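Worksheet: one structure, shown below.
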Amino acid sequence: MLIPIVYVNRNYFISGFKKLFKGSPNMDSLIAIGSSAAIIYGIYAIYMIGYGLGHNNINLVEEFVMDLYFESAGTILTLITVGKYLEAKSKGKTGDAISKLINLAPKTALVLKNNEEIETSVDDIKKDDIIIIKPGTGIPVDGLIIEGNSSIDEASITGESLPVEKTIGDNVISGTFNKNGSFKMKATKVGEDTTLNQIINLVEEAGNSKAPISRLADKVSGVFVPIVITISILATIFWLIYGESIAFALSIGIAVLVISCPCALGLATPVAIMVGTGKGAENGILIKSAESLENLHSINTVVLDKTGTITEGKPKVTNIVSNIEEKKLLQIASSLEKNSEHPLAEAILEKSKELNLDSINVKDFKAVSGRGVSRFNRK
């Protein structure tokens with residue numbers, strides 16, 4: 011079983027010894043030295059056991075039968091690999107978040123060229139291109155409205171639960187969603203410069219960041235690894251001077267190397283980060299970086315903005331103030347709003363449904379952007 015484990019983790023040996031020979035050993039160097047020493051001594055022990063059995067030397071067999079360190083080498087490599095796997099899994103969650111962000115923006119857009127609407131890939135949109143945004147479509151790039159007006163759902167970017175009314179001269183953001191109006195916009199930021207792409211880059215950087223404790227381990231390893239190797243050599247020399255056999259002295263030196271391998275750090279840090287980010291995701295909390303997560307213990311004040319941070323991000327009817335019967339007013343309001351897609355209309359309809367109110371037939375319904383409904387007739 012050891013050979014497949016060593017093969018899977020061969021990069022530790024390649025990287026570790028390369029760093030060691032260049033005079034800048036790291037934790038990979040310690041893993042490579044410790045596991046290599048355990049494997050080599052284990053092979054030597056097998057040879058001595060075979061020699062003892064061949065020459066009927068039971069004492070020699072008994073001396074080396076407990077000195078097979080293959081399981082130690084395998085355990086070291088396995089624990090470190092498990093830690094790396096958990097770390098990669100944690101980063102995979104960040105990858106999922108990035109995919110969701112990327113999917114916020116449409117892949118194509120209608121660009122006005124020579125008075126013709128041409129469907130163009132978002133990647134081919136140039137600055138100052140005129141883009142036509144129709145109802146129910148996403149905003150592909152950052153831009154400025156030059157004709158028309160609409161209400162834009164910006165919840166995905168700003169957290170604002172209510173659509174924002176936009177008209178000529180207003181800026182619109184990539185990754186937001188056009189509700190019911192139609193307008194033309196001039197592209198002001200495209201490609202990597204758009205707000206959405208900048209957010210994606212920030213999330214990617216956060217996912218690749220190291221926790222301070224991991225960075226500390228990298229710094230410490232430059233001093234720690236040479237000290238451990240020195241102690242291992244001194245321990246071997248000490249027992250040789252003390253009169254013990256070469257085999258015993260080597261086993262002590264190897265034990266120092268194996269015990270010093272950073273299994274706990276390699277496993278505990280990724281597990282802690284994974285559990286922290288996972289629990290945060292379950293509760294709708296996005297951790298910006300590993301450093302932010304580690305520094306949480308020192309926080310004594312939390313400052314929140316108003317846009318859906320500690321709310322459901324969805325309007326809800328809580329009180330009705332009226333001079334007429336509440337249910338009657340709610341029935342009229344819900345009948346009006348049933349043809350509207352506005353979040354406030356949805357909240358009123360939800361309350362009406364909760365009270366099992368019947369709807370009234372409405373004629374000549376008209377929704378005026380930013381102003382509500384204009385006129386109705388009741389049968």
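For the sequence shown, the numbering used here begins at 11 and goes up steadily by one.
Where a beta carbon is used, it is the ideal one built from N, C-alpha and C, also for glycine.
Keep in mind it's a predicted model, so treat the numbers as computed, not measured.
Can residue i and residue j be called in contact, C-beta distance under 9 Å?
i: Ile143; j: Ser160; result: yes
i: Leu391; j: Ile43; result: Shown here, the chain extends from 11 to 389; a query on residue 391 therefore has no answer.
i: Asp315; j: Gln341; result: no
i: Ile56; j: Ala83; result: no
i: Lys324; j: Ser171; result: yes
i: Val313; j: Ile358; result: no
i: Ile141; j: Ala119; result: yes
i: Pro353; j: Pro145; result: no
i: Phe248; j: Ala259; result: yes
i: Asn371; j: Ser344; result: no
i: Asp152; j: Thr205; result: yes
i: Lys363; j: Ala355; result: no
i: Leu303; j: Ile283; result: yes
i: Ile210; j: Ile309; result: no
i: Ile297; j: Ala47; result: no
For residue i, which of the options has the nearest alpha-carbon?
i: Thr168; options: Leu260, Val182, Ile156 and Ile155; result: Val182
i: Ala300; options: Val312, Asn310, Val313 and Gly286; result: Gly286
i: Asn190; options: Gly253, Gly179, Ala119 and Thr147; result: Thr147
i: Ser192; options: Tyr61, Gly158, Val200 and Glu129; result: Gly158
i: Ile90; options: Asp38, Thr130 and Ser350; result: Asp38
i: Leu365; options: Asn371, Lys338 and Gln208; result: Lys338
i: Ile237; options: Leu306, Glu202, Leu30 and Gly64; result: Leu30
i: Lys137; options: Glu175, Thr130 and Ala197; result: Ala197
i: Gly179; options: Leu154, Asp163 and Glu164; result: Leu154
i: Phe80; options: Phe74, Gly52, Ser270 and Asn19; result: Gly52
i: Met11; options: Thr88, Gly263 and Ile209; result: Thr88
i: Thr186; options: Ala165, Gly263 and Glu202; result: Ala165
i: Asp203; options: Ala245, Ser270, Ile239 and Val132; result: Val132
i: Tyr95; options: Ile135, Asn19 and Ile334; result: Asn19
i: Ser184; options: Ser255, Ile128, Leu244 and Lys117; result: Lys117
i: Ile239; options: Ile269, Val92 and Lys176; result: Ile269
So for residue i, helix, strand or coil by DSSP?
i: Thr311; result: coil
i: Leu359; result: helix
i: Leu78; result: coil
i: Lys337; result: helix
i: Ala119; result: strand
i: Lys229; result: helix
i: Lys373; result: strand
i: Gly33; result: coil
i: Asn19; result: coil
i: Leu206; result: helix
i: Pro325; result: coil
i: Ile297; result: coil
i: Lys348; result: coil
i: Val331; result: coil
i: Lys389; result: Residue placement at Lys389 is poorly supported in this model, since its pLDDT is 47, which falls under 50; the coordinates are not used for a value here.
i: Met58; result: helix
i: Tyr95; result: helix
i: Thr364; result: Residue 364 is actually Glu in this sequence, not Thr. The answer is helix: DSSP assigns Glu364 an H, G or I state.
i: Gly84; result: helix
i: Tyr51; result: helix
i: Glu73; result: helix
i: Ser25; result: helix
i: Asn305; result: helix
i: Ser39; result: helix
i: Gly286; result: helix
i: Ser261; result: helix
i: Ser46; result: helix
i: Gly64; result: helix
Report, in whole angstroms, the separation of the C-beta atoms of residue i and residue j, which I expect to be a contact under 8 Å.
i: Asn36; j: Val235; result: 7 Å
i: Ile156; j: Lys194; result: 5 Å
i: Val71; j: Gly62; result: 4 Å
i: Ile86; j: Ser45; result: 5 Å
i: Asp77; j: Ser261; result: 6 Å
i: Gly232; j: Ser25; result: Their Cβ separation, rounded to whole angstroms, is 15 Å, which puts Gly232 and Ser25 out of contact at 8 Å.
i: Ile41; j: Tyr17; result: Actually they do not touch by this definition, with Cβ atoms about 15 Å apart.
Does residue i have its Cβ less than 9 Å from a Cβ in chain C?
i: Ala119; result: Note that chain C does not occur in the displayed structure, where there is just one protein chain.
**Study point:** alpha helix (DSSP H) runs contained entirely in the segment 127 to 200, provided each spans 4 or more residues
**Key:** 165 to 168
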